[in-house]
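For reference, the structure discussed in these notes is given below.
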Amino acid sequence: MPNLRIFDSLIFSLFLLDVQGRVVPRESEPELHSDHIFKPEEIIDLPVGRFPDPDCRYTVHLNKKNGPIAQGEVRIGDPLYHEWTCSYGQLASSMYCMIVNNCTVAENRKAAYRVPILDEFGCSLFPSILPHVHYGDDLEAYLPVHAFSLDIDKAAVFFECNIKLLLKLNGICRRPTCVPIEQFQNENR
């Protein structure tokens, strides 16, 4: 079996979603948190000091979620766990949660054609072979997959995913809900 190289990149954005997963307009009422009160003018013009860049990491683990980090080459079919974690210091649990979405794969970093694998809601576009993203807590996500190649002649796969940091509503993370994978499996029978 051919060996593969896995590469990645991350893109960040900050949104506030309502119960149905729709983006809440910035003119909304200020959101109350135990240690922060946001005035409407602060929501429209977000001060950088109040919203510092998050410390986010992306790793790929071999065999299991907490397995060794994949370095160098893996073989097609090897179990891999893509993991995304973000830290916002003391604000981590009280204000934010994350969603991994709009993931694509390509044979190289500058490829003109990229294959979308996760949609804007973080749901798999190939549910019979690729699960939806799993969330361990508010700022941790992982995706169990088996190593694959887009082209038998190309020995590299480049992953690119968007990470959205969402403001929690009343302490609750409002991630969109994906259609259960089991529903797709039942339809294929």
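The sequence shown maps to residues -21 to -1, 1 to 168 in mature numbering (1 follows the signal peptide of the UniProt record, and there is no 0).
Ideal Cβ positions, reconstructed from N, Cα and C, are used throughout, including at glycine.
query: C152, enclosing beta strand (DSSP E) - first and last residue; result: Unbroken run through C152: none, as it is neither H nor E.
query: Among R36, P159, I48, nearest to P106 - alpha-carbon criterion; result: P159
query: Of the listed residues R54, V94, P155, N81, nearest to H125 (C-alpha basis); result: R54
query: Spatial distance of K143 from T83 (CA atoms); result: 15 Å
query: Closest Cα partner of P58 within the set Y67, T64, L118, I48; result: I48
query: Complete runs of the beta strand (DSSP E) confined to the region 56 to 125 [at least 3 residues]; result: 58 to 66, 75 to 85, 113 to 116, 119 to 125
query: Beta-bridge partners of F138, as assigned by DSSP; result: V84
query: DSSP bridge partner residues for residue 169 (one or two, in chain order); result: No answer is possible for residue 169: it lies beyond the span of the chain, which begins at -21 and ends at 168.
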